Amino acid sequence: MRSVSTRSTARVRARSTRTTSRRARCVEARAEASSKNLEVMRKFSEQYARGSGTYFCMDKSVTAVVIQGLAEHKDTLGSPLCPCRHYDDKEAEVAQGFWNCPCVPMRERKECHCMLFLTDDNDFAGDEQTITMDELIELTEDM
Numbered sequence: 001m002r003s004v005s006t007r008s009t010a011r012v013r014a015r016s017t018r019t020t021s022r023r024a025r026c027v028e029a030r031a032e033a034s035s036k037n038l039e040v041m042r043k044f045s046e047q048y049a050r051g052s053g054t055y056f057c058m059d060k061s062v063t064a065v066v067i068q069g070l071a072e073h074k075d076t077l078g079s080p081l082c083p084c085r086h087y088d089d090k091e092a093e094v095a096q097g098f099w100n101c102p103c104v105p106m107r108e109r110k111e112c113h114c115m116l117f118l119t120d121d122n123d124f125a126g127d128e129q130t131i132t133m134d135e136l137i138e139l140t141e142d143m
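For the sequence shown, position 121 (counting from the first letter as 1) is numbered 121 according to full-length UniProt numbering, and the numbering increases by one without interruption.
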């Protein structure tokens with residue numbers, strides 16, 4: 001009886017180790033995707049700001065939070081859906097495309113609800129069109 005119990009315990013431990021290992025790989029893969037998409041959205045934001053003649057908010061924490069939200073939506077939805085709005089059905093909104101960044105109001109009228117892309121006449125516009133990964137990480141660390 002003892003050897004059967006020992007074998008059962010060994011199997012349970014092996015299964016538990018495989019499951020834990022699988023979970024750890026999944027968490028690691030998600031973190032890698034998130035980090036990759038954060039960098040993708042950072043670069044996109046800088047490029048779009050330069051191309052559209054807009055600037056990031058003078059409070060760079062606003063910029064960092066919005067870019068992080070875009071990256072998270074890219075991770076979960078496959079598209080950088082505006083993170084500053086409420087949606088009843090995010091997948092349907094992504095498919096429609098209206099609020100995918102840059103959203104239609106931004107492309108047509110340079111109106112960014114998120115305050116990520118601000119025209120130079122906006123009271124909250126800073127004078128920068130760049131943000132580093134270190135700044136993004138530091139400014140969103142406690143979130």
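Ideal Cβ positions, reconstructed from N, Cα and C, are used throughout, including at glycine. Just so it is clear, the structure is predicted and the values come from calculations on it, not from any experiment.
Terminal residues of the continuous alpha helix (DSSP H) containing residue i?
i	result
residue 68	60-77
residue 127	Taken as a continuous stretch (DSSP letters only), residue 127 belongs to no alpha helix (DSSP H), as it is neither H nor E.
Does the separation of the CB atoms of residue i and residue j fall below 8 Å?
i	j	result
residue 62	residue 115	yes
residue 139	residue 92	no
residue 34	residue 67	no
residue 37	residue 75	yes
residue 94	residue 77	yes
residue 80	residue 86	no
Have a look at the DSSP bridge pairing and note the partners of residue i.
i	result
residue 100	81
residue 139	Note: residue 139 sits in no beta bridge, so no partner.
residue 57	125
Alpha carbons only, please: which of the options is nearest the one belonging to residue i?
i	options	result
residue 111	72, 53, 137, 141	53
residue 128	104, 34, 57, 48	57
residue 120	86, 55, 141	55
residue 84	97, 96, 101	101
residue 59	50, 134, 132, 126	126
residue 105	82, 141, 72, 132	82
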